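This note's numbering numbers the first residue of the sequence shown as 6 and each following residue consecutively. Idealized CB from N, CA, C, for every residue including glycine. For clarity, every value in this text was computed on a predicted model and none was experimentally measured. Read the structure below first, then the notes.
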Amino acid sequence: MTNFISIIAKELVVRDEQVKAAIELLDGGATVPFIARYRKEATGTLDDAQLRTLEERLRYLREMDARRLAIIESIKEQGKLTPEVEQALLLADTKARLEDIYLPFKEKRRTKAQIAKEAGLEPLADMLLSDPMKDPDKEYKAFIKTDGEHPVPDKKAALEGARAILVERFAEHADLTGSLREEMWGRGSLGSKARDGKRREGAKFADYFDFTEPYRNLPSHRILALLRGEKEEILSLDFGDGEVADTRDAPATLYENRIAVTFGISRQGRPADAFLSDSVRWAWRTRIKPGLGLDIRMRLWQEAEKEAVRVFAANLRDLLLAAPAGGRATIGLDPGFRTGVKVAVVDRTGKMVDHATIYPHEPARQWNESMLTLAQLCVKHRIELVAIGNGTASRETEKLVADLIRLKPDLKLTKAIVSEAGASVYSASAFASKEFPDLDVSIRGAVSIARRLQDPLGELVKVPPAAIGVGQYQHDLSQHELARALDATVEDCVNAVGVDLNTASVPLLARVSGIGESLAQNIVAHRDANGPFPSRDKLKDVPRLGPKAFEQCAGFLRIRDGENPLDASGVHPESYPVVKKILSATKSDIKALIGQSKALQVLNPASFADDRFGLPTVTDIIRELEKPGRDPRPEFKTATFKEGVEKISDLKRGMILEATITNVAAFGAFADIGVHQDGLIHISAMAEKRISDPREVVRPGQVVKVKVLDIDAPRNRISLTLRLSDPLPQSGGQKGTGGGTSATARAKPEKSSGNAAGGALGGALAAAMAKAAERQKGR
């Protein structure tokens with residue numbers, strides 16, 4: 006019914022033909038990554054961001070159309086569908102407008118107005134509204150009745166019934182309600198106060214104990230903080246209309262005047278004017294305003310949710326596309342105190358080859374023995390990287406590794422702190438149980454930590470996106486909407502990087518365009534039974550992988566050292582004929598041409614384009630031949646935490662530290678500086694110029710230098726700045742940021758102050774380590 010194509014084209018500022026082609030491809034089963042990468046001619050080079058927006062908007066419009074049809078059918082069944090009502094429904098451009106029109110026809114509980122109508126009082130209401138010269142004090146008498154199912158015993162009952170009918174009529178006027186809603190949105194404010202006796206308990210919401218801000222100005226994180234405070238029964242919220250406090254004798258508000266004008270009501274001294282004006286005031290204060298308050302609450306929540314989902318998805322994207330350390334043998338350490346530090350060794354391909362548990366911290370304090378175990382594992386497996394989980398005992402464990410690196414420089418180790426977010430979810434998952442059936446859950450976590458350093462994308466896809474925890478107020482959001490957005494983000498990232506067909510896990514393959522869980526299992530089963538795939542074409546031998554699935558996935562799968570060098574690139578098999586034309590024109594073979602930038606850059610893409618493969622596709626092919634299978638992720642880099650700074654009490658104002666950005670919110674970014682809780686870099690402290698989005702400056706996983714501006718230990722708040730020349734505040738104690746609980750430095754589990762046994766390595770231990778190394782060489 007709705008012209009989806011024109012609406013979306015106008016919103017995206019593109020041509021109708023582009024939108025039409027994209028919708029046809031989506032409806033035909035094509036994925037967004039496939040369309041964005043391999044169907045540029047059809048869509049006029051719409052990119053993945055535009056296509057995701059198109060997909061979401063199309064879903065909304067189709068849902069709205071389905072609701073429109075259901076409403077029309079409902080009103081038709083009631084026998085009340087007039088041409089005017091139907092036309093209004095057909096022209097409605099939002100779900101809210103549809104519901105406004107439907108409101109008078111919606112089945113509802115018996116109201117005072119319905120009871121009054123059943124008592125025969127609607128003619129009285131109509132009479133007074135149409136002719137204010139009628140006197141309510143006289144006209145009611147004709148409607149008095151003491152018998153029957155709905156008696157009207159006296160004047161009060163008659164006039165209250167008439168007023169209830171008018172109130173309902175005023176409140177269900179769709180155009181009026183819509184205009185009042187927008188007026189209240191533009192003029193009103195959300196206020197909050199602490200509930201009685203809740204100030205101490207709700208200290209984290211102190212910024213909102215006496216707060217008001219216009220609806221239009223409220224950022225998403227503030228809305229979510231206010232709603233969370235109300236949910237936890239700390240705050241009372243007031244959805245104001247921008248007018249002075251209501252009193253019985255107060256002048257009519259703008260809203261009441263708007264209602265009165267709509268229904269031709271005015272005070273001219275006529276007998277019914279006072280009754281009608283009172284009905285208007287009653288309608289606004291008891292029915293319309295509370296209803297619009299609920300609408301605005303929902304609108305604020307939906308806008309906040311949309312922004313929170315966007316931020317979460319953007320942060321997830323940055324984590325998934327974080328720099329991989331690559332194929333280097335790695336030790337993963339899952340720190341702990343009493344239960345010990347779990348150690349897992351993975352080889353350059355990510356295969357677990359060894360594991361152990363060491364007890365360097367309280368209460369065992371086996372510092373030297375733990376270092377010896379690590380040294381032996383490093384020598385035995387030629388370890389290059391040490392990945393340390395950032396949870397409990399992280400800094401203490403990092404100190405252990407630092408001592409090992411200092412005393413055994415010949416090991417040439419590089420250490421890095423790795424986020425543990427979601428590692429426990431993976432460890433207990435069915436996939437982890439199948440991969441490591443005989444391995445303790447905690448050791449599985451150490452394996453995941455090691456692999457996250459080698460390849461963040463390949464490991465994080467095994468964790469439900471919401472469990473990675475890089476959002477704000479994620480548990481307050483619609484889990485369905487959040488999951489849909491995050492799944493789309495994972496899909497885009499996996500396909501942007503590409504997947505090695507012969508090493509990828511089932512969870513990673515399942516995220517490739519056109520594959521899914523079942524086909525991924527079939528691919529791995531075929532690989533296990535028949536050995537590595539020699540070419541992309543052999544994918545067609547996988548059970549249930551038909552031509553459509555092959556078309557969707559083949560370009561995103563990589564085969565290293567296969568039969569055809571093009572199989573290691575992002576060139577789709579359907580485009581191999583174009584490469585043959587290029588080889589013919591250059592009188593070269595693929596092995597000689599691939600990677601030769603100078604030879605490829607002089608080619609004119611237009612000379613190889615035809616009706617099937619247009620200029621955008623040919624240009625992409627030549628670019629891919631220059632850098633086949635190029636990885637869009639940045640170069641691997643680690644942060645170095647300052648020695649001696651392990652807890653908040655070690656911090657001093659003015660310190661300059663290295664930090665890793667862990668999360669980005671609308672109001673700023675959180676940074677790990679190695680003190681068990683993240684500090685906040687407020688958006689105002691990120692750049693010399695004013696910025697509207699922290700992501701203009703930082704991304705999760707990025708290593709930055711920060712200066713400590715302020716420390717508020719009682720509230721667990723650390724204020725940081727990226728502007729290292731910023732002067733320090735006059736006094737300690739960070740002021741409220743307006744971020745509510747999101748703006749609070751995110752506490753990590755408290756840890757002990759370290760281990761006295763963790764000092765310099767004694768000569769005896771050094772000798773023991775040397776002997777261990779010699780024994781290893783002897784083997």
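Presumed contact (8 Å Cβ cut-off) between residue i and residue j, rounded CB distance
i: Ala676; j: Ala664; result: 4 Å
i: Ile422; j: Ser399; result: 6 Å
i: Leu390; j: Leu458; result: 6 Å
i: Val495; j: Leu325; result: 7 Å
i: Ile228; j: Trp306; result: 7 Å
i: Ile80; j: Leu74; result: Going by Cβ atoms, the distance from Ile80 to Leu74 rounds to 11 Å, so no, they are not a contact pair.
i: Gly673; j: Ile661; result: 19 Å between Cβ atoms; not a contact.
i: Arg322; j: Val502; result: Their Cβ separation, rounded to whole angstroms, is 11 Å, which puts Arg322 and Val502 out of contact at 8 Å.
i: Ala690; j: Asp731; result: 7 Å
i: Ala121; j: Gly166; result: 3 Å
i: Val1; j: Gly659; result: In this structure the chain extends from 6 to 784, so residue 1 is not present and cannot be described.
Spatial distance of residue i from residue j (CA atoms)
i: Glu261; j: Arg204; result: 37 Å
i: Asp408; j: Asn395; result: 18 Å
i: Phe613; j: Leu588; result: 11 Å
i: Ala349; j: Ala361; result: 7 Å
i: Asp283; j: Lys150; result: 25 Å
i: Glu312; j: Met189; result: 22 Å
i: Leu231; j: Pro295; result: 19 Å
i: Val499; j: Ala93; result: 45 Å
i: Thr335; j: Ile448; result: 14 Å
i: Ala597; j: Pro552; result: 31 Å
i: Gly536; j: Phe436; result: 21 Å
i: Asp105; j: Arg114; result: 17 Å
i: Phe641; j: Gly332; result: 12 Å
i: Ser654; j: Arg695; result: 32 Å
i: Thr591; j: Arg541; result: 25 Å
i: Glu374; j: Ala426; result: 29 Å
i: Gln601; j: Leu382; result: 42 Å
i: Leu66; j: Phe9; result: 7 Å
i: Leu729; j: Pro470; result: 34 Å
i: Ile13; j: Glu206; result: 48 Å
i: Ser135; j: Thr116; result: 23 Å
i: Met3; j: Lys404; result: Lying before the first or after the last residue shown, residue 3 is absent from the chain, which here runs from 6 to 784.
i: His155; j: Glu187; result: 39 Å
i: Ala493; j: Asn320; result: 13 Å
i: Ala318; j: Leu412; result: 42 Å
Sequence-distant residues of its chain with Cβ nearer than 7 Å to residue i (five each side left out)
i: Val504; result: Leu513, Leu514, Val517, Phe561, Leu562 and Arg563
i: His577; result: Tyr43, Ala559 and Gly560
i: Pro834; result: The structure shown does not extend to residue 834, since the chain is modelled only from 6 to 784, so the question has no answer here.
i: Arg784; result: Model confidence at Arg784 stands at a pLDDT of 40, short of 50, so the residue's coordinates are unreliable; what they give is reported in the following sentence. Counting only Cβ-Cβ distances below 7 Å, and skipping sequence neighbours, we find nothing.
i: Ile270; result: Leu281, Ser282 and Val285
Same chain only: Cβ atoms within 6 Å of residue i, ignoring 5 sequence neighbours per side
i: Asp460; result: Pro329
i: Ile410; result: Leu418
i: Ala47; result: Ala26
i: Ser241; result: Lys198 and Arg200
i: Ile599; result: Pro570, Leu630 and Pro633
Residues near residue i by beta carbon distance below 8 Å, same chain, minus five either side
i: Asp140; result: Pro276 and Ala277
i: Glu3; result: In this structure the chain extends from 6 to 784, so residue 3 is not present and cannot be described.
i: Ala472; result: Ala426, Gly427 and Val430
Under 8 Å, with one C-beta from each stretch per pair, do the stretch 144-162 and the stretch 177-189 reach the 3-pair mark? no
Tell me the start and end of each unbroken beta strand (DSSP E) in the stretch 700-730 that is at least 3 residues and wholly inside, in chain order. 708-717 and 722-726
Three or more C-beta pairs under 8 Å: does that hold for the stretch 715-734 against the stretch 679-686? yes
Would you say the stretch 217-224 touches the stretch 255-270, given that touching needs at least three Cβ pairs under 8 Å? no
List, from N- to C-terminal side, the alpha helix (DSSP H) runs of 4 residues or more that fit wholly inside the stretch 345-388. 372-386
At least three beta-carbon pairs within less than 8 Å, the stretch 329-346 to the stretch 366-386: Segment contact: the stretch 329-346 against the stretch 366-386, three or more CB-CB distances shorter than 8 Å; contact assigned.
Across the stretch 274-293 and the stretch 161-176, are there enough close Cβ pairs to call them in contact, namely three or more that are closer than 8 Å? Under the Cβ criterion (8 Å, minimum of three pairs), the stretch 274-293 counts as touching the stretch 161-176.
For a minimum of 4 consecutive residues, which ranges assigned as the alpha helix (DSSP H) are wholly contained in the stretch 390-474? Within the stretch 390-474, the complete alpha helix (DSSP H) runs of at least 4 residues are 399-412, 428-432, 435-440, 446-459 and 461-465.
Are the stretch 117-126 and the stretch 192-210 touching, with three or more C-beta to C-beta distances below 8 Å? no
At a cut of 8 Å, does the stretch 544-555 reach the stretch 518-532 through at least three beta carbon pairs? yes
Any chance you could list the alpha helix (DSSP H) runs of at least 4 consecutive residues sitting entirely within the stretch 152-209, in chain order? 160-176 and 179-192
Identify every run of the alpha helix (DSSP H) within the stretch 229-300, keeping only runs that are complete inside it and at least 4 residues long; order them along the chain. 259-267 and 278-288
Would you list, in sequence order, the uninterrupted alpha helix (DSSP H) runs of no fewer than 4 residues that lie entirely inside the stretch 616-665? Whole alpha helix (DSSP H) segments, 4+ residues: 620-631.
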